[in-house]
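Q: full-length UniProt numbering puts the sequence shown at residues 1 to 261. All residues carry an ideal CB built from backbone N, CA and C; glycine is no exception.
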Amino acid sequence: MNASPPNNAALLPVILAGAGPGDPDLLTVKAHRAIAAADVILHDALVDPRILALATGRLINVGKRCGRHAMQQSEICALLVRHARTGARVLRLKGGDPMIFGRANEEIAALRAAGMTLTIIPGITAATAAAAAVEASLTARDIARSVTFITGHASDGGLPEQDWAALARLRGTIAFYMGARHAGMIADRLIEAGLDPATPGIIVMNISRADETHRTARLIDLADGIAADELASPALILIGAALDVARQPARSLTCRVKLTA
């Protein structure tokens with residue numbers, strides 16, 4: 001492929017798109033079209049093979065998974081720019097939504113610095129897909145008025161620093177992405193910060209895929225015995241009182257219907 005840049009006016013926008021949690025049926029129509037039309041697709045390791053099968057262009061795996069890196073982020077940015085400068089239709093395909101824990105800001109900055117334009121296509125993120133899978137709303141009237149997305153591991157593989165006291169005070173649902181390894185530590189920190197050990201939680205693994213599984217556990221159960229090797233990756237941990245509502249509809253919810261003539 002010729003890497004010499006053509007006239008900038010002829011360059012096509014680079015597309016950053018979300019592939020959703022896995023199930024191809026959860027792709028947006030716009031993302032589906034972009035996959036089919038792309039000449040080059042730089043994709044994450046966790047993008048489902050059924051989604052990659054929709055492509056007709058060249059596939060390049062640039063993903064990172066469990067500490068195994070196909071390439072560094074700086075290399076990904078350089079590769080995006082290099083392919084875009086050839087005039088190819090370039091798609092950066094990320095799992096979930098590209099703007100949530102997808103390092104999209106670094107790729108956007110690299111493309112802008114190179115004078116490229118871009119288009120961003122959102123995708124279904126893991127937290128909302130997990131809530132649908134277990135039929136438990138992330139919010140509930142008078143119980144949970146907020147949802148907080150938290151990364152469950154830092155760049156060095158450890159548990160990131162958080163304001164655990166502030167998280168424990170929230171009357172909402174907390175979604176920990178990439179948190180399987182540190183499930184026990186996350187629960188410990190929240191309990192130490194004052195969150196009720198009986199707070200319900202749900203761990204959803206391989207969301208929307210054929211091998212999807214989920215486990216219900218109180219916060220104290222996470223702290224006391226669910227080992228990392230019991231949890232398949234990718235996994236998402238949901239914690240909050242709203243998660244009990246789906247199992248206790250008669251006590252927790254009242255549906256008011258006004259009948260008019």
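Give me whichever residues DSSP pairs with Thr216 in a beta bridge.
A: Ile202
Q: Using 8 Å as the cut-off, can you tell me whether the region 33-53 makes contact with the region 90-108, which would need three or more C-beta pairs spanning the two stretches below that distance?
A: Taking 8 Å as the limit for Cβ pairs, the verdict is that the region 90-108 does touch the region 33-53.
Q: Should Ala37 be labelled buried (16 or more other beta-carbon atoms within 10 Å of its own) or exposed?
A: exposed
Q: If contacts are defined as beta-carbon pairs under 8 Å, then Gly123 and Leu11 qualify, I think. What distance do you get, rounded to the angstrom?
A: At roughly 24 Å, the Cβ-Cβ gap does not stay under 8 Å, so Gly123 and Leu11 are not in contact.
Q: Residues in its own chain within less than 7 Å of Leu80 by CB, not counting five upstream and five downstream?
A: Val14, Leu42, Val90, Arg92, Glu107, Ala110, Leu111
Q: State whether the region 126-134 contacts the region 153-162, with contact taken as three or more CB pairs (one from each stretch) at a distance under 8 Å.
A: Judged by Cβ distances under 8 Å, the region 126-134 makes no contact with the region 153-162, as fewer than three pairs qualify.
Q: For Gly57, which residues in the same chain have their Cβ closer than 7 Å to its Cβ, ignoring the five residues on either side in sequence?
A: Excluding residues within five positions, the ones whose Cβ falls inside 7 Å are Ala38, Asp39, Val40, Ile41.
Q: Rank Asp25, Pro24, Ala31 by C-alpha distance to the C-alpha of Gly18 and give the top, closest one.
A: Ala31
Q: Beta carbon of Leu118, beta carbon of Leu27: below 9 Å?
A: no
Q: Thinking just about the alpha-carbon of each residue, which of Arg189, Leu159, Gln73 is nearest to the one in Ala180?
A: Taking only the C-alpha atoms, the option nearest Ala180 is Leu159.
Q: In three-state DSSP terms, what is Val47?
A: coil
Q: Count the other CB atoms, across all protein chains shown, that sit within 10 Å of the CB of Val29; report buried if there are 16 or more and exposed otherwise.
A: exposed
Q: Going by Cα to Cα distance, which pick from Pro24, Ile237, Gly22, Asp23 is closest to Leu138?
A: Ile237
Q: Can you tell me whether DSSP reads Ala227 as helix, strand or coil?
A: Model confidence at Ala227 stands at a pLDDT of 49, short of 50, so the residue's coordinates are unreliable; what they give is reported in the following sentence. It is coil, neither helix nor strand.
Q: Which residue's Cα is closest to the Cα of Cys77: Arg103, Leu52, Ala242?
A: Arg103
Q: Going by the DSSP bridge assignment, what does Asn61 pair with across the sheet?
A: According to DSSP, Asn61 bridges with His43.
Q: Per the contact definition of three or more C-beta pairs closer than 8 Å, is the region 170-179 in contact with the region 134-149?
A: Below 8 Å, enough C-beta pairs join the region 134-149 and the region 170-179 to call them touching: three or more.
Q: Could you give the residue range of the alpha helix (DSSP H) that holds Leu79?
A: It spans 73-84 - the alpha helix (DSSP H) in which Leu79 sits, taken as one unbroken run.
Q: So, Ala217 versus Ile203, is the Cβ gap smaller than 9 Å?
A: Result yes, Cβ atoms of Ala217 and Ile203 sit closer than 9 Å.
Q: On the DSSP letters alone, give me the boundaries of the alpha helix (DSSP H) that Ala127 sits inside.
A: Taken as a continuous stretch (DSSP letters only), the alpha helix (DSSP H) holding Ala127 covers 126-134.
Q: Just to confirm my understanding: we take Phe149, look at its own chain, exclude 5 residues before and 5 after, and list those with CB closer than 7 Å. What are they?
A: Ile100, Ala127, Ala175, Tyr177
Q: Rounded to the nearest angstrom, what separates Pro21 and Ala187 at their Cα positions?
A: 24 Å
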